[in-house]
Amino acid sequence: MSLLARLSKAKSQLFGTATKNVAVPFEVPCDCGHRVTGIRRTSYQIAECSDCQASIYVLPVNVYPTNRRIRSDVVDGPALDRVSTVVRELVKGDSVIDPSANKEPLRSRATAADDGATELKDYGTSEKPKKVSKGRKSRGSNPADPYPADTEVKVTAEPDVPVVQVPRISMAVRLRRLFSPTRVLAVAGVAILVSTGWWNVHQRQMQQARKVWRAEMDRAEDALKKRDLTTLGEALSTAVKAAITLNRSDADFQVADSLLRQTQAVQRLSSLDLVGQFSEMFADNGTFNESKATSSSIGLAGQCMVFEAVVRPSAANSEMLNLDFPLIVDGIPVDIRVASPLLRQCASKKPQTPLLFAAVIADCRPPSQNQRSWLITLEPDSCALITTDFHAEQFGFDVTQTPELKKIIEQQAAVIRGTGQSGITDQETPTSTAEPIDRPPESGEGRKP
C-alpha cells in the first residue's frame with residue numbers, strides 16, 4: 493500500500509470514518525470452484541459468480557472496533573489510544589499478530605464470517621442454501637469440487653470466554669426501588685387529589701339533594717291540599733330519591749315514603765273483584781272446574797288490591813301473617829297471608845284492630861286435594877298502610893260516614909309518624925292517637941255504595 497493510501501486510511505481511522513472511506517476487499521468461494529471478489533459495502537450485497545452465474549450473499553463492512561480476536565479497520569477508545577494505534581499501523585503495517593491465537597494473523601470478522609457462513613445459491617429461488625465446510629482442500633482432490641466429502645476439517649479451539657453472571661437483586665433492594673420516596677410522595681399526592689375531588693363532588697350532591705328534598709316536600713304538601721294525585725306522586729318520588737341520597741331515616745322520610753306507596757297503589761289499583769274471580773267454579777253437575785280456577789289464579793297475580801282485616805301471626809310460620817278475612821265463595825274459604833314487617837309492627841301495637849292497607853298479589857293457588865281453600869300470598873314490599881283521608885277516598889272508602897274507619901287511619905298514621913312529628917300531614921287527619929276499636933267492621937263496611 494502506498495504512503496498516500498496509508499495516510500488516508502489513518503485519517504479515516506482517527507476521525508471515525510473508516511467504515512465509509514477505507515476499501516475492504518472480499519473473496520468468497522463459489523460451489524463451482526470459482527472465487528468471487530469485490531469491495532464490501534456499508535450494507536449487504538448479492539454478488540454474482542462470473543463462471544456459473546450463481547448469487548452469493550456477501551456481508552457488509554465490519555463496523556465494530558478491533559479486539560483481541562477479530563481484526564477491524566475501526567479504531568475505538570480515547571484519542572491517545574487511537575493515535576498510538578494509527579502510528580503503530582503506519583510503522584509496522586496491517587499485519588497485527590495476536591499472541592493468544594497461536595501466532596496466526598488476525599482476520600477481519602466480516603472475512604471470517606464469509607469463509608464459514610452459509611452461502612445462498614440462486615438468491616430469490618426456493619432452493620435451500622448450502623453450507624460450506626470449514627477447512628482446507630486436501631491435495632490431489634478434484635479441482636472441480638473444491639469441497640469434497642472426504643475433506644479433512646481442521647478445527648482450532650477458541651480460547652475460553654468467561655461467562656458473565658448478572659448479579660441477583662435482593663428483595664429488599666427491589667422493595668426500596670419500588671417504594672422509593674419519590675414514588676410514595678407521588679402516589680400520596682394523587683390520592684389526596686382524588687379524595688379531595690370526590691369529597692367536593694359528594695358535598696355538592698348532598699347540598700343539591702337537601703334543596704330538592706325541601707322543594708319537593710313543599711310541592712307534595714301543596715298537591716295533597718289540592719288533592720292532585722299526579723303531582724303528588726311526582727313530587728314524592730323525587731323527594732324520596734333525594735332522601736335516600738341523604739341517608740335519611742327519620743319520621744319525615746317515613747311519612748314521605750308511606751305517602752308515595754299509597755299514591756302508587758292508587759295509581760295501579762286493580763278493577764278485579766275476588767268474589768267475581770272465585771265464583772262460578774262449579775259446573776251444573778257439581779264438578780270443580782280446574783282449568784277455570786287455574787286461569788283465575790294466573791289472572792290475579794300482580795294485581796293491586798285493598799284489604800281491611802285483622803292481622804294475626806301464623807301458627808305454622810312465625811314470620812308469616814294471616815289475614816282474618818271472613819270470605820267464602822261457593823263454599824270454599826279464601827286464605828290470605830303476607831310476611832310484612834310493617835304490618836307486623838302495626839299489628840303488635842293494636843292486636844285487635846283491623847288494618848287498612850293496599851298490597852300486590854304475588855301468588856294465588858287454587859284449591860286442591862291437599863288444600864281445600866284459595867291460598868293468596870301478598871308481596872311484603874308492596875304493603876302500604878292507608879294514613880290519609882284523601883287516599884282512603886281514592887280507594888273507594890267514605891271516611892265521613894264511618895268514624896271507625898277514620899280512627900283506623902289515624903292510628904296507622906301515628907304508627908308511621910312514630911314520634912308524631914312529621915313534615916306533611918293531611919289537613920283532615922288529627923294528630924292525636926285514638927283508642928283501639930274493640931269490634932272489627934263487617935266485610936264491606938265503609939265502602940261507598
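Residue numbers for the sequence shown, in the numbering used here: 493 to 941. Where a beta carbon is used, it is the ideal one built from N, C-alpha and C, also for glycine.
In whole angstroms, what separates the C-alpha of residue i from that of residue j?
| i | j | result |
| --- | --- | --- |
| ALA801 | LEU848 | 7 Å |
| GLN904 | PRO825 | 28 Å |
| GLN697 | ALA715 | 26 Å |
| GLU871 | VAL821 | 23 Å |
| SER783 | PHE774 | 11 Å |
| CYS796 | ARG702 | 33 Å |
| ALA735 | ARG669 | 49 Å |
| LYS841 | GLY888 | 26 Å |
| ALA906 | ARG711 | 23 Å |
| VAL578 | ALA502 | 6 Å |
| ARG864 | ARG740 | 46 Å |
| CYS544 | HIS526 | 8 Å |
| SER787 | THR779 | 17 Å |
| ALA609 | TYR549 | Summary for ALA609: the model assigns pLDDT 41, below 50, so the residue's position carries little reliability; its value from the coordinates is reported in the next sentence. Their backbone Cα atoms lie some 10 Å apart in a straight line. |
| VAL555 | PRO517 | 15 Å |
| SER806 | ASP873 | 19 Å |
| VAL803 | LEU897 | 16 Å |
| ASP607 | SER576 | Confidence in ASP607 is poor, its pLDDT being 47 and thus under 50, which makes the residue's placement unreliable; the coordinate value appears in the next sentence. Cα to Cα, ASP607 sits roughly 31 Å from SER576. |
| GLU709 | GLU902 | Per the sequence shown, residue 709 should be read as Met rather than Glu. Taking the straight line joining both Cα atoms gives about 21 Å. |
| VAL686 | GLN700 | 21 Å |
| LYS717 | LEU724 | 10 Å |
| GLU713 | ASN777 | 58 Å |
| ASP614 | VAL520 | Reliability fails at ASP614, whose pLDDT of 42 lies under 50, so the model's placement of it is uncertain and the value that follows must be treated cautiously. Distance between the alpha carbons of ASP614 and VAL520: 15 Å. |
| GLN893 | THR722 | 26 Å |
| ARG675 | VAL693 | 27 Å |
| GLU726 | ILE828 | 32 Å |
| PRO843 | GLN695 | 45 Å |
| TYR536 | ALA678 | 50 Å |
| VAL665 | LEU572 | 40 Å |
| PRO673 | THR730 | 49 Å |
| ASN781 | PRO895 | 42 Å |
If you compare alpha carbons, which of the options is closest to residue i?
| i | options | result |
| --- | --- | --- |
| GLN886 | ASP720, VAL852, LYS512 | ASP720 |
| SER750 | HIS883, SER860, ALA546, ASP565 | HIS883 |
| SER547 | SER832, CYS522, PRO846, ILE562 | CYS522 |
| ARG488 | SER789, ILE790, VAL798, ASN513 | Since the displayed the chain opens at 493 and closes at 941, residue 488 lies outside it and no answer follows. |
| SER810 | PRO833, ALA793, ILE790, CYS524 | PRO833 |
| VAL583 | GLN537, LEU835, LEU499 | LEU499 |
| ALA515 | THR534, CYS524, VAL528 | THR534 |
| VAL830 | GLN695, SER494, ALA850, GLY725 | ALA850 |
| CYS524 | ALA680, GLU540, GLN837, GLU726 | GLU540 |
| THR869 | GLN861, ALA808, GLY794 | GLY794 |
How would you call residue i, buried or exposed, if buried means at least 16 neighbouring beta carbons within 10 angstroms?
| i | result |
| --- | --- |
| LEU667 | exposed |
| ASN559 | exposed |
| SER688 | Position check: residue 688 holds Thr in this sequence, whereas Ser was assumed. Looking at its Cβ environment, which holds fewer than 16 other Cβ atoms inside 10 Å, THR688 is exposed. |
| GLN487 | Residue 487 lies beyond the residue range present for the chain, which begins at 493 and ends at 941; the question has no answer from this structure. |
| VAL682 | exposed |
| TRP690 | exposed |
| SER564 | buried |
| MET663 | exposed |
| ARG909 | buried |
| THR529 | exposed |
| ASN594 | A caution first: ASN594 carries a pLDDT of 40, below 50, which makes its placement in the model unreliable, though a value can still be read off. The residue in question, ASN594, is exposed, as its Cβ has fewer than 16 Cβ neighbours within 10 Å. |
| SER542 | exposed |
| SER789 | buried |
| ILE661 | exposed |
| ILE684 | exposed |
| VAL758 | buried |
| ALA785 | buried |
| ALA808 | exposed |
| ALA680 | exposed |
Are residue i and residue j close, meaning C-beta to C-beta below 8 Å?
| i | j | result |
| --- | --- | --- |
| VAL732 | ALA707 | no |
| PRO557 | ARG532 | no |
| LEU728 | TRP705 | no |
| LEU764 | LEU792 | yes |
| ALA497 | VAL566 | no |
| LEU766 | LEU819 | yes |
| ILE900 | PRO859 | no |
Stretch pair the region 752–769 + the region 871–886: three plus CB contacts closer than 8 Å: With a cut-off of 8 Å, the region 871–886 and the region 752–769 count as touching, because enough Cβ pairs lie within range.
With a threshold of 8 Å, are at least 3 pairs of Cβ atoms found where one atom belongs to the region 766–774 and the other to the region 731–744? The region 766–774 is not in contact with the region 731–744.
Under 8 Å, with one C-beta from each stretch per pair, do the region 848–861 and the region 806–819 reach the 3-pair mark? The way I'd put it, the region 848–861 doesn't touch the region 806–819; fewer than three beta-carbon pairs between them come closer than 8 Å.
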